[in-house]
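Chemist: Quick one: this structure, given as structure tokens, is what I'll be asking you about.
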Amino acid sequence: MSLIFYVTNSYSSLSFGEKKDFIIQINSNIALIILLMMNIFQVKLKSVFYEQWYELPLFFSFFQCFVGIAQFFTKSTIVPTVVRNQNVTSNSFFLDGTSGSNSDLLGLGGILRGFGLTNAGLTLGMFALFGLALLPFLKNKKYVHFFFIFFSLAVFCTYTRVIWFGYIFFLFFEFLIKKRRYHSLTIFYIITWLTQIIYPFGSFLISQSISQNSFFSSLVSRSSGINYFSNYFPLTIKNLMFGQNFLAKIADFSSLTNYSVDNQFLVWVYNIGLFGFLIYMFVNFIIFKKMIAISLYNSKYNYLIAVLITFQIIGIFNDPSYFVVPTLIFAIYGIRNEYSVVKKINYQEKI
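Using the working numbering, the first residue of the sequence shown is number 8, and each one after it goes up by one.
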């Protein structure tokens, strides 16, 4: 109650311009708010929506990937990539280690990365991984192998190395889960978060050491982007703890640079600060541990767990939060429906 009073009182004391920023700040935190509310109030959907809850986003991912695969093999964008003289896709064309938004690269023998109806191959790749996470929940199990091959093909058609590496890690994590190597899985999970935090501070040294190797050109570009934005968003103690409303300001940089902040930790810290990121990380970890407990008795959550960790791997080199949060919401739904059964089984085993 006191929190509601604080937020209401703070809002009423702001000027019009400050109120606009306040609303943007609330909107940028809406994902974290949803996760916390679902945990606090223990949201549980009716079982009648069970299949639809998982299958609808799965088929949407299928549609996105179908378009992306068609783009890759036909070398046709299918959908407009330029609107009002502005490119609406990012680095969709690839040639000899160089990527860009210039379609002339196709005429030189380049490759069109599948991007579906999204803005980049990276986003389509996360749709493919998200689709893989939901496969075990298909009502008709005979199509699971088809969809697995289909989404795997879509991963290849993104022609995006971060997604390729993520897919390899997904298979590795799935192997660990099947072998019940949960201790090793937890260690990898923790190392992933630590790497997210450490990587930005060593990005300059990394970019300097591999700058002459064209294979790592995208990694050099990501490191350069982190260094670029560090000049505009200095991490003073106040900024580090409470953020700088980054998502409300990022649009102002679109006309100045092609760089972006390709690190999940930095995006959250720049936006809502270390305090908000630690809450996000804590919610992640609690859900992860409960999903592990469920997987001991119900293997259909294995892919969901593997993809959840894979997104954190991708978070080292990008910001997959807009896919992590939906994955966490599906995980919370699974916890609400399965965790009480797990506790009952554990209780009976103790007896």
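All C-beta atoms in this analysis are idealised placements derived from N, C-alpha and C, irrespective of residue type, glycine included.
For clarity, every value in this text was computed on a predicted model and none was experimentally measured.
Roughly how many angstroms lie between the CA atoms of PHE172 and ALA255, to the nearest whole one?
Modeler: Their Cα atoms are separated by approximately 31 Å.
Chemist: Here's the rule I'm using: 16 or more other beta-carbon atoms within 10 Å means buried, otherwise exposed. How should PHE80 be labelled?
Modeler: Classification for PHE80: exposed.
Chemist: Just verifying my parser: in three-state terms, what is the DSSP assignment at SER106?
Modeler: Residue state, collapsed to three classes: strand.
Chemist: Under a three-way DSSP split, which group does LEU303 fall into?
Modeler: LEU303: coil per DSSP, three-state reduction.
Chemist: Exposed or buried, what is ASN238 when buried is set at 16 or more other beta-carbons lying within 10 Å of its beta-carbon?
Modeler: Exposed, because fewer than 16 other Cβ atoms sit within 10 Å of the Cβ of ASN238.
Chemist: Looking at C-beta atoms only, is the number of pairs between the segment 188-199 and the segment 139-151 that lie closer than 8 Å three or more?
Modeler: Contact between the segment 188-199 and the segment 139-151 is absent, because fewer than three Cβ pairs lie under 8 Å.
Chemist: Tell me whether the beta-carbon of TYR166 lies closer than 8 Å to the beta-carbon of PHE70.
Modeler: No. Outside cutoff.
Chemist: Could you give the distance in angstroms between the alpha-carbon of GLU181 and the alpha-carbon of LEU115?
Modeler: So the alpha carbons of these two residues sit roughly 39 Å apart.
Chemist: Please identify the residue among PHE176, THR84, PHE260 whose C-alpha is closest to the C-alpha of LEU113.
Modeler: Taking only the C-alpha atoms, the option nearest LEU113 is THR84.
Chemist: Less than 8 Å between the C-beta atoms of ILE301 and GLY341, yes or no?
Modeler: Yes.
Chemist: What first and last residue would you give for the alpha helix (DSSP H) that runs through ARG168?
Modeler: Taken as a continuous stretch (DSSP letters only), the alpha helix (DSSP H) holding ARG168 covers 168-185.
Chemist: Hey, would you say PHE137 sits closer than 8 Å to VAL314, going by beta carbons?
Modeler: Yes, the pair counts as a contact, with Cβ atoms nearer than the cut-off.
Chemist: For the segment 325-333 against the segment 265-273, are there 3 or more C-beta pairs whose distance is under 8 Å?
Modeler: Yes: the two stretches touch, three or more of their Cβ pairs being nearer than 8 Å.
Chemist: Residues bridged to PHE101 by DSSP?
Modeler: Bridge partners of PHE101: SER106, ILE118.
Chemist: LYS245: which of PHE282, SER210, ASP259 sits nearest, CA to CA?
Modeler: The residue with the shortest Cα to Cα distance from LYS245 is PHE282.
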